[in-house]
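Chemist: Just so you know, the sequences run in chain order A and B. Going by my numbering, 123 is the number at position 123 of the first sequence; the sequence numbering is gapless. Going by my numbering, 540 is the number at position 206 of the second sequence; the sequence numbering is gapless. Take this structure, written in structure tokens, and hold onto it; I'll ask about it next.
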Amino acid sequence: MKDGRIFLGLALLAAFALNALGSSFNAYYYDVCVSIGINIILAVGLNLLIGHTGQFSLGHAGFMAVGAYTSAMLTNHFLPSFLRLTGSTDSTFFSHCFFFAVLMIGGLGAGLIGLLVGIPSLRLRGDYLAIVTLGFGEIIRVLILNTDALGASRGLSVKVSSTDLFWSFGLAAVTVYVVASLVNSTYGRGFLAVRDNEIAAEAMGINSTKYKVIAFVVASFFAGIAGGLYAHHKQFLTPEGFNFFKSIDVVVMVILGGMGSTAGVILAAIILTLLPEFLRYLSHLNGLPHWAQPLLENRLILYSLILIVIMLVRPQGLFGELRWFSKLGRRKTQ
Amino acid sequence: MDLTLFLQQLINGISLGSIYALIALGYTMVYGVLRFINFAHGDIYMLGAFFGFALAPLLAQLFPAGAGIYGAVAILLTAMALCAGMGIIIEKLAYRPLRDRPRLTVLITAIGVSLFIQNMTQYFVGAEPKGFPELIPIQAIDGLGKLTVLTSQATIIGVTLILLFLLRFIVMKTKLGMAMRALSLNPTACSLMGVNNGRVISFTFALGSALAAAAGILVAFDSPSIDPMMGNTPGIKAFVAAVLGGIGNIPGAALGGLILGITETMVVGYINPNLRDAIAFAILIVILLCRPSGLLGKVEREKV
């Protein structure tokens, strides 16, 4: 337990230091850095579900959308009156407090939807679950598209930009801490048991549906948090930003990093955030053959190849053996 | 309730349902022999339409006077053959090396294959929708009173019926069909009886892909706008149809397709057109909760 707290404290300090440096970054690098933090939250959360519990979800973007839209609406409607209520001159502090509360509510909202979706669908086997979660993700997107109060297809703008490097990396560290502690605890062995053999786990007295639902709700919660960060970073939300391909992005991070390896998934999240940017840079180089440019600009061609090749050649992922966080939350034994 | 309107919706539903049925058969047959969901099946349907699109100018060159109905049949058969080949290639390259791996591995590969086909097609032909040439004249059939039945709808229903009978013949009366049925019962015992399992699996993929290609061409007759992402929604809906009928069960897939198509047009016509894509998922969730083995499927106990 002690290791974990030290890790969390150090990571939060690092995030704080990074944030102090962040003001000197140019806007593009700043944007990429914040996105890395958000993607780490998404991927590590989904890894709890796919990697540790063995349940496949293709609707992660839907839960991200719930968190993003919830927190965006709260900020747009209540932030000014909250600041007036506090009556303080130092509004940065209070607006950050408000931001934290809003993120939590967004996360809880996504977790609640995750619970509603998870209870009926997690009784299903893997391949069915993939289709059902895909369906729910699409339903959430279509609902937003048809709700005028949420901006429908016009999109929704968020009035303040509260997300900074501290929030993005700080919450990423919290996500890593929570997921690693959860999986490595005695209680968390249940997730692995359900993944490795559901029937055997049931025979050992593990309530597999309960574990699956918990994993699903926790993953949705963190997707909601990531959505809130995304909303207050980009300051503009459209339903199209949360389509099926966004879910695929996160799935590819988990698969490339190695299902069940937190460290691997973090590395993959970083790589896959930087890679499209790098490819975009490459595609603008001079002297490139004309057929190469669209190939470089469509990240999905590369992502689909990653999925196929990784599964054929290295199903444990690029960094599947990395176990940096396997000590977090584990009790010391004699 | 207006009877004409109801009949009209019913005909529209049957023609839509025929398409779902053709695609669903591929899902269900592959599930029967390999126990996995071929996510890339909807993209084979898309490829079928695009093969037809590419073949049509070729045909026009060969027969400048217009080949008429024979041209349409030739294009349909060629596209089916090409897609059957694609199905075999995909199975050989992507799925066969994973034969004994966990289910999740194969599922992820299938998602990868699906995305790859879509995006490579988009790379080669562009993302914007293409107009499919009018191979058969689309007009209303005379003499049906107030009902409007388009020639394209009649073609869809007719060709689907022919293909269904052909499929039934292949599965029930030929040796390969018997091998398919044996394989879906017990792969090990099947290979002990001298069946070349690999060849039967290839044949199953070819058969399913050919049916999906036929669906793609038939859809392009009726609504002549095709694009590389057109396989996504019908693919998922056809999967729902396969589950509805009982996955692994061939008559069930045809029945599920028809039910889904009719339900969808009825909901769109009488309740709310915005629900068009949501209805399939609602059906899927209800069927998985109430009767996971589907309408015609048998309950299978999972054993350790």
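Using N, Cα and C, we set each Cβ at its ideal position, and we do this for glycine too.
#1: Any C-beta of chain B within less than 7 Å: which residues of the region 298 to 316 of chain A qualify?
#2: The alpha helix (DSSP H) that contains A/S168, what's its start and end?
#3: Under DSSP, the alpha helix (DSSP H) around A/N84 begins and ends at which residues?
#4: DSSP has B/G465 in a bridge; who is on the other side?
#5: Buried or exposed: where does A/Q334 fall if 16 or more other Cβ atoms within 10 Å of its Cβ makes it buried?
#6: Using a Cβ-Cβ distance under 8 Å, would B/R433 count as near chain A?
#7: Please list the residues of the region 193 to 217 of chain A that have a C-beta atom closer than 7 Å to any C-beta atom in chain B, keeping them in chain order.
#8: So if DSSP puts B/A358 in a beta bridge, which residue, or which two residues, is it bridged to?
#9: Hey, how far is the Cα of B/L589 from the Cα of B/I442?
#10: If you reduce the DSSP assignment to three classes, tell me which class B/A540 lands in.
#11: What residues match up with A/A130 in a beta bridge as DSSP calls it?
#12: Please state if the CB of B/I357 and the CB of B/Y379 are separated by a distance shorter than 8 Å.
#13: Exposed or buried, B/A548, counting other C-beta atoms within 10 Å across all chains shown (16 or more means buried)?
#14: How close, in whole Å, do the beta carbons of B/G351 and B/G595 come, if the pair is a contact with beta carbons under 8 Å?
#15: Just how far apart, CA to CA, sit A/D148 and A/S208?
#16: Between A/G118 and A/V213, which are expected to be in contact by the criterion C-beta below 8 Å, what is the C-beta distance as a whole number of angstroms?
#17: Under 8 Å between beta-carbons, which chain A residues line up against B/D611? List them in chain order, please.
#18: Assuming A/G118 is part of the alpha helix (DSSP H), what are its boundary residues?
#19: Measure from the C-beta of B/L519 to each C-beta in chain A and report whether the shortest distance is under 8 Å.
#20: Does any residue of chain A bring its CB to less than 8 Å from the CB of B/F539?
#21: Hey, how far is the Cα of B/I560 from the Cα of B/L552?
#22: Of the choices B/Y361, B/D377 and B/V367, whose alpha-carbon is the least far from that of B/P521?
#23: Leaving aside the five residues before and after B/K480 along the sequence, list all residues of the same chain whose C-beta is less than 7 Å from its C-beta, in chain order.
#24: Please classify A/S57: does DSSP put it in a helix, a strand, or coil?
#25: On the DSSP letters alone, give me the boundaries of the alpha helix (DSSP H) that A/R195 sits inside.
#26: Per the DSSP calculation, A/S157 is bridged to which residue(s)?
#27: Should the region 151 to 164 of chain A be regarded as contacting the region 243 to 262 of chain A, the criterion being three or more beta carbon pairs within less than 8 Å?
#28: Is there a Cβ from chain A that is less than 8 Å from the Cβ of B/Y457?
#29: Taking CB distances under 8 Å as the criterion, tell me whether B/A428 reaches chain A.
Modeler: Let me spell this out:
#1: N298, L300, I301, Y303, S304, L305, L307, I308, M311, L312 and P315
#2: L165 to N184
#3: According to the sequence shown, residue 84 of chain A is Arg rather than Asn. Unbroken alpha helix (DSSP H) run through A/R84: H60 to T86.
#4: B/S559
#5: Low confidence applies to A/Q334: its pLDDT is 42, below 50, so where it sits in the model is not reliable, and the reading given next is rough at best. Flag for A/Q334 reads exposed.
#6: In terms of beta-carbon proximity, B/R433 stays away from the interface with chain A, with every pair separated by 8 Å or more.
#7: I199 and A200
#8: In the DSSP output, where bridge partners are listed per residue, B/A358 has none listed.
#9: Distance between the alpha carbons of B/L589 and B/I442: 29 Å.
#10: Per DSSP, reduced to three states, the secondary structure at B/A540 is helical.
#11: A/A130 pairs with nothing; no bridge assigned.
#12: yes
#13: buried
#14: 2 Å
#15: One Cα belongs to A/D148, the other to A/S208, and the distance between them is close to 40 Å.
#16: 5 Å
#17: Near B/D611 (Cβ distances below 8 Å), the residues of chain A are E138 and V142.
#18: S91 to S121
#19: no
#20: no
#21: 12 Å
#22: B/V367
#23: Only T338 meet the Cβ criterion.
#24: coil
#25: That run of the alpha helix (DSSP H) goes R189 to D196.
#26: A/F236
#27: no
#28: yes
#29: yes
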